[in-house]
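Just below is one structure, and these are the notes that go with it.
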Amino acid sequence: MFELLGHGLLTVLQWNYLVPLFAGTLIGVIGGALPGVTITMTIIVILPFTYGLDPLQGLAAMTGVYVGGSAGGLVTACLLGIPGTPSAIATTFDGFPMARGGAPGRAIWLGVWSSFFGGLLGGLFLILVTGPLAAIALQFGPWEYFSLFVLAMAMVAGLAESSFIKGLLSTAIGLLITVIGTDPIGSVPRFTFGSEFISGGFPFLPVLIGIFAFAQIMSDIEKARAPKTPEAVLTAQPSLGVSLGVSHLKVIGEILGRPFLLLWSTIVGILIGVLPAIGGSAANMLAYDQAKKLSRHPERFGTGIPEGIIASESSNNANVGGSLVTIMAFGIPGDAVTAVMLGAMTIHGIQSGPLFVSQQPTLAYGIYAAYILAHLLMVLILAAGALFMLQITRVRLAVLAPVVLVLCVIGAYALNNTMQSVYVLLIFGVFGYALVKCGFPLAPLILGLILGDQIEINLIRAIMTDDNPLLFFTRPISGALLLCAALSVALAVWQHMRHQARTAHEEAPEF
Amino acid sequence: MRLGRDSFAGLIFLAVSLILLVQSFGLPQLPLVPVGPGFYPRIVLIFMAVTSAALIVQDLLARRAEPADVPAPAQPQRAYGLVALAFVIVALYLVLLPLLGYRIATVLFVAALQATLERPTTWRQWVVLAAIAIGTSAVTYLVFERYLTVLLPRGSWTDW
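Top line first, the protein sequences correspond to chains A and B. Under the numbering used here, think of the first position of the first sequence as 3, with each following residue one higher. Under the numbering used here, think of the first position of the second sequence as 3, with each following residue one higher.
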């Protein structure tokens with residue numbers, strides 16, 4: 003294993019891999035630092051660049067974006083109090099007060115080094131666990147796969163913040179998109195209404211780009227004429243006078259002097275990463291909450307203490323490792339970012355899943371190596387240009403929006419050099435924006451979209467092998483997974499009802 | 003009772019799922035496969051119909067529970083007209099792309115969207131806008147077409 007990792011490191015250290023990795027990490031850090039630009043959007047923007055690269059070059063660039071983006075948000079979070087990405091929301095709670103209290107360098111570097119250590123621990127987990135998990139996944143039959151996918155969707159729909167029912171409906175919409183076109187077993191056209199345009203179904207990546215990138219850009223445009231918030235006014239102010247000088251040994255000592263906090267936040271990040279489609283936004287908030295609950299002085303959280311920054315930043319980078327485990331062992335994306343990576347792998351003809359590590363060891367260990375090196379590059383990039391990032395955050399929406407949209411169009415067009423994919427992009431851009439405006443969560447839709455085909459294929463394969471439907475429940479792993487799915491739904495319903503009851507109680511007049 | 007936004011969304015998805023559900027019964031049965039091509043879509047569509055109905059019921063119940071004269075909370079200023087215009091500009095770009103070719107259509111698109119989002123007031127701002135539009139088109143063309151061998155659309159009118 004370590005021999006393969008060493009080989010992977012030597013491969014990625016070659017300039018033709020190092021350049022895409024560095025470029026990806028740099029773009030990720032910048033995308034992460036730009037408020038309103040998510041890591042998903044950043045990875046969508048660099049997607050077309052990966053078409054012309056070899057698979058490892060492309061995946062190295064994407065891994066760089068993912069790692070860099072997870073750390074990039076901390077710069078604006080600490081210095082401006084505006085999280086560059088949702089993954090850095092909790093970093094603002096203590097990072098901004100610390101920076102405002104006269105220690106901006108300490109705040110930034112506590113974040114950077116916490117991201118580094120959290121990320122490396124996540125990487126260790128990625129390297130050690132992917133193989134054994136893939137071996138377990140190899141024991142899976144179609145029943146187990148079907149049940150695993152159902153569990154993934156039940157969890158994501160249940161965790162939808164806005165509404166549990168909207169989460170389920172969003173999942174159903176994602177699944178419905180996958181059944182339009184030809185059926186995967188007999189190639190019978192379904193719901194095409196005789197149209198050539200949709201006879202082959204909707205290609206996954208243009209749908210994803212449309213739903214995510216367009217919806218995000220249009221939401222930003224929507225707020226373009228709104229009066230400036232105090233934070234936005236602050237962003238427009240010069241910041242070159244700020245000094246980020248700090249003793250790195252002291253900062254590293256501060257982090258490593260709290261081993262339990264670092265380890266626990268990392269574990270939270272990894273676990274959130276392993277759970278499908280939740281992502282870094284939940285990881286940093288949950289780790290911060292855990293750190294506060296386990297602290298001897300919870301009242302000091304939010305006043306600018308190192309614990310808050312360590313918890314948030316170590317967990318969001320560890321989350322990347324967890325997400326990569328899921329995609330590499332099971333072929334299930336951990337979040338929207340890994341969904342794009344999965345799509346990019348498919349373009350290069352690579353099948354992700356339990357056989358991925360054993361059949362493509364060069365690629366798998368190359369990704370591990372890229373992940374580790376991206377953390378080193380991330381530290382170097384932030385050391386060289388943390389203040390420069392603040393200047394970049396002032397790029398106007400009027401410039402950013404058209405450039406991002408052009409890259410989205412190239413990303414869709416270059417998939418198969420036809421305008422059809424670009425039209426699909428626009429259709430789903432409008433649709434995604436409408437869904438966002440109606441309060442539908444997009445993560446369940448994307449998961450339904452990614453897993454729809456696999457669910458159908460495994461369901462039909464299971465029925466073709468044995469037409470006894472009880473096997474889904476009586477096979478131990480399959481049954482356990484379906485039970486977990488049912489419990490997940492029941493828990494979500496219970497939480498929703500409890501929330502309703504509490505709200506009603508709070509609003510009820512007292513007699 | 004007035005329907006809310008969620009009820010409207012639920013009704014649309016309910017109608018879509020019911021129409022497609024009816025269609026799914028007309029799909030042909032394959033001889034060697036125990037379940038036909040309509041089997042799985044029917045499960046999805048029933049699931050969608052049930053969740054759509056649940057959304058409508060939830061919205062109606064929530065509206066019934068609401069006191070009648072509660073003033074709506076103040077909404078932040080939203081530029082929906084600008085969003086609609088942006089979508090129209092993107093649509094026009096996609097129409098012009100196969101006619102004018104990537105290079106010309108992209109210059110026009112970037113310039114038009116920039117001007118729509120932030121109208122230049124001085125000649126200097128117009129020059130910057132034009133430079134960004136031409137620069138975006140030229141740089142992306144060179145990077146993708148020349149270095150990454152990604153073929154970009156040629157214009158049927160311009161052959162560019």
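Built from N, CA and C at the ideal position, the CB exists for glycine as well. In this text the structure is predicted, and so the values were computed from the model without any measurement.
Straight across, the Cα-Cα distance linking G125/A with P134/A is about 15 Å. Under the Cβ distance rule, V152/B counts among the residues neighbouring chain A, one pair being separated by less than 8 Å. Contact holds between the segment 105–123 of chain A and the segment 247–262 of chain A, because three or more Cβ pairs, one in each stretch, are under 8 Å apart. Residues of the segment 396–408 of chain A whose Cβ lies closer than 7 Å to any Cβ of chain B, in chain order: R398, L399, A400, V401, A403, P404, V405, L407, V408. Beta-bridge partners of T184/A (DSSP): P191/A. When DSSP states are grouped into helix, strand and coil, A226/A belongs to the coil group. Rounded to whole angstroms, A487/A and D337/A show a C-alpha spacing of 18 Å. Listed in chain order, the positions of the segment 90–115 of chain B with a beta carbon within less than 8 Å of a beta carbon of chain A are V92, A93, Y95, L96, L99, P100, T108, F111, V112, L115. Against D469/A, the close residues of chain B are P36, in the order they occur along the chain (beta-carbon pairs closer than 7 Å). Here the alpha carbons of S249/A and G441/A stand approximately 46 Å from one another.
The beta-carbon of A56/B is placed less than 8 Å from the nearest beta-carbon of chain A. Between the C-alpha atoms of L20/A and I374/A there is a straight-line separation of about 12 Å. L144/B does not reach chain A, its nearest Cβ partner there being about 13 Å away, counting only Cβ pairs nearer than 7 Å. Looking at S221/A, C410/A, L437/A, the one whose alpha-carbon comes closest to that of Y425/A is C410/A. Here DSSP, grouped into helix, strand and coil, assigns G28/B to coil.
Counting along the chain, no alpha helix (DSSP H) covers S245/A, and no H or E run does either.
Nearest to P478/A by alpha-carbon distance, out of L15/A, N18/A, Y147/A, H9/A, is Y147/A. Judged by DSSP secondary structure, I41/A falls within the alpha helix (DSSP H) whose first and last residues are 41–53.
The beta carbon of I312/A sits closer than 7 Å to the beta carbons of L112, S116, I257, R260, L263, L264, S267 from its chain, once the five residues preceding and following it are set aside; these are given in chain order. For W115/A, the enclosing alpha helix (DSSP H) covers residues 106–140.
Under the DSSP assignment, R463/A falls in the alpha helix (DSSP H) whose first and last residues are 444–467. In the DSSP assignment, T395/A falls outside any alpha helix (DSSP H), carrying neither H nor E. The Cβ atoms of P88/A and T94/A do not sit closer than 8 Å to each other.
Within chain B, the residues F89 have their CB atoms less than 8 Å from the CB of V432/A, given in chain order. In chain order, A174, L177, L178, V181 make up the part of chain A whose C-beta sits under 7 Å from the C-beta of V46/B.
Secondary structure of N470/A (DSSP, three-state): coil.
Three or more Cβ pairs closer than 8 Å define a contact, and the segment 49–62 of chain B meets that threshold against the segment 11–22 of chain B. Per DSSP, reduced to three states, the secondary structure at Q60/B is helical. Chain-ordered, the chain B residues with CB closer than 7 Å to the CB of L170/A read T53. Residue environment for Q362/A: buried (at least 16 other C-beta atoms within 10 angstroms of its C-beta). The three-state secondary structure of P308/A, taken from DSSP, is helix.
One alpha carbon belongs to V152/B, the other to G54/A, and they sit about 6 Å apart. In the DSSP assignment, F89/B falls within the alpha helix (DSSP H) that extends over 82–102. Straight through space, the alpha carbons of A133/B and L7/A are spaced by roughly 46 Å.
In the three-state scheme derived from DSSP, where H, G and I count as helix and E and B as strand, W145/A is classed as helix. Listed along chain B, the residues sitting closer than 9 Å to M421/A by beta-carbon distance are L96, L99, P100, P155.
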